[in-house]
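Trainee: Dropping a structure here in structure tokens format, bear with me for questions.
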Amino acid sequence: MHSNVVVYRWSLLCWWWCLGFVFLYPSGPMVQAAFDYCAASKDLCQPPGARHVVCNGRNFGPVCQEPKLIKMNERYRKQILEFHNKLRNNIACGYFRRYAEASSMEQLDWDPKLARMAEYNARTCTFAHDECRNTRKYRRVGQNLAINWFYGVNMTASQAIDKFQYHWYQEHSQGKQKLVDRYTLPSMQAGIGHFTQMIHADAHRIGCAMVRFAGVMKGRAVTQYYLVCNYSEGNVYERPVYRKGKRCSKCKYGCSTGTFKCLCRKQH
């Protein structure tokens, strides 16, 4: 599993960041699962024997100190969707020097089920990908993670979300078109997995959860945020992140007439 660490130090505060993403191998035929996600792990999850995140239960994990689940209200949902869709639109339009236009890029919408699956992970207060977070509808769910700690200054949940998303986005400078045309080992080694997850053309739904909790780092009391975002489609090995071509040329209903004019128009 790849991760990136960025450390910031000032005289009055310290922020520590760690980011993680997950990639997937192509899965077999989709099988309808039962509502009991834990019991249905063998049908929902790859590889065989993987444990579904729902099996964790909804209690906070043993390492959580003074935990608080950040309610993903309309403000936070809008913040996440706008950041992602603006990035996706700019990629699809061809505004990035290193990347070609996208022939078909979907607009992301919020998915409560993916958000609920993310909550099971976030409640552990442990920076680690779960083995499986698939739903009955989405069988190749991708995931981005981010965690930080800080002291000496207060950081709001909104500020933390912005920082996390910005660091995911910043990976674009480490990549190039060849690495998104086919997601392989060089793509992973380039350290762009969070960025490619954000712009994955086949991902059209996202759901996130975040927890704030207390901790101790190097003998100092700190506060931490842990953000988990699940996507309806993940980085799949040996498959394209998106297909290059004239913007919207492969969209079923052409370009959107809304804010994000290089993303595919939705059927109403």
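Numbers -20 to -1, 1 to 248, taken from mature numbering (1 follows the signal peptide of the UniProt record, and there is no 0), label the letters of the sequence shown in order.
Note that beta-carbon positions come from the ideal geometry of N, C-alpha and C, so glycine has one too.
In this text the structure is predicted, and so the values were computed from the model without any measurement.
#1: Using only CA atoms, which one of GLY132, GLU81 and GLU86 lies nearest to ALA201?
#2: Ignoring anything shorter than 4 residues or poking outside the region 57 to 95, list the alpha helix (DSSP H) runs there in chain order.
#3: Based on DSSP bridge pairs, tell me the residues matched to CYS188.
#4: Cutting at 6 Å between CB atoms, please list the residues of its own chain near ALA170, excluding the five before and the five after it.
#5: So which of ASN128, TYR75 and HIS152 has the shortest CA-CA distance to LYS226?
#6: On the three-state DSSP scale, how would you describe GLU46?
#7: Where do the N-terminal and C-terminal ends of the beta strand (DSSP E) with ALA126 fall, by residue?
#8: Taking contact to mean 3 or more Cβ pairs, one atom from each stretch, closer than 8 Å, check whether the region 189 to 198 and the region 219 to 238 are in contact.
#9: Excluding the 5 residues flanking SER83 on each side, which residues of the same chain have their C-beta closer than 6 Å to its C-beta?
#10: Just to confirm the assignment, what range does the alpha helix (DSSP H) spanning HIS147 have?
#11: From VAL191 to ALA140, what distance separates their C-alpha atoms?
#12: Between LYS66, ASP161, TYR146 and GLN45, which lies nearest to GLN204 when the distance is taken from Cα to Cα?
#13: For MET197, which of helix, strand or coil comes out of DSSP?
#14: Check whether the Cβ atoms of CYS112 and ALA189 lie closer than 8 Å to each other.
#15: Taking the alpha-carbon positions, what's the CYS105 to GLY37 distance?
Mentor: According to the structure shown:
#1: Taking the sequence shown and counting its residues from 1, the one referred to as residue 201 is at position 221. The residue with the shortest Cα to Cα distance from ALA201 is GLY132.
#2: none
#3: What you label residue 188 is simply residue 208 of the sequence shown in a count that begins at 1. Its beta-bridge partners are CYS209.
#4: Within the sequence shown, numbered from 1, the residue matching residue 170 stands at position 190. Counting only Cβ-Cβ distances below 6 Å, and skipping sequence neighbours, we find GLN154, GLY155 and LEU159.
#5: Residue mapping note: residue 226 aligns to position 246 of the sequence shown, counting from 1. The residue with the shortest Cα to Cα distance from LYS226 is TYR75.
#6: The residue given as residue 46 occupies position 66 in the sequence shown. Strand, per DSSP.
#7: Start at 1 with the first residue of the sequence shown, and residue 126 comes out as number 146. ALA126 -> beta strand (DSSP E) spans 122 to 131.
#8: no
#9: Working through the sequence shown from its first residue, we reach residue 83 at position 103. Within the same chain, SER83 has close Cβ partners ARG223, GLY225, SER229 and LYS230.
#10: For this step, residue 147 is matched to residue 167 along the sequence shown. 137 to 149 is the extent of the alpha helix (DSSP H) around HIS147.
#11: Here the question's residue 191 lines up with position 211 in the sequence shown. Here the question's residue 140 lines up with position 160 in the sequence shown. Using only the alpha carbons, I get a separation of about 11 Å.
#12: Position 224 of the sequence shown, counted from the start, is the residue given in the question as residue 204. The candidate whose alpha carbon is nearest that of GLN204 is GLN45.
#13: Numbered from its first residue, the sequence shown carries residue 197 at position 217. Looking at MET197 - three-state DSSP - the assignment turns out to be strand.
#14: Translated into positions along the sequence shown, residue 112 becomes position 132. Translated into positions along the sequence shown, residue 189 becomes position 209. No; because the gap between Cβ atoms is not below 8 Å, this pair is not in contact.
#15: As a working note, residue 105 is residue 125 in the sequence shown. As a working note, residue 37 is residue 57 in the sequence shown. Approximately 13 Å between the Cα atoms of the pair.
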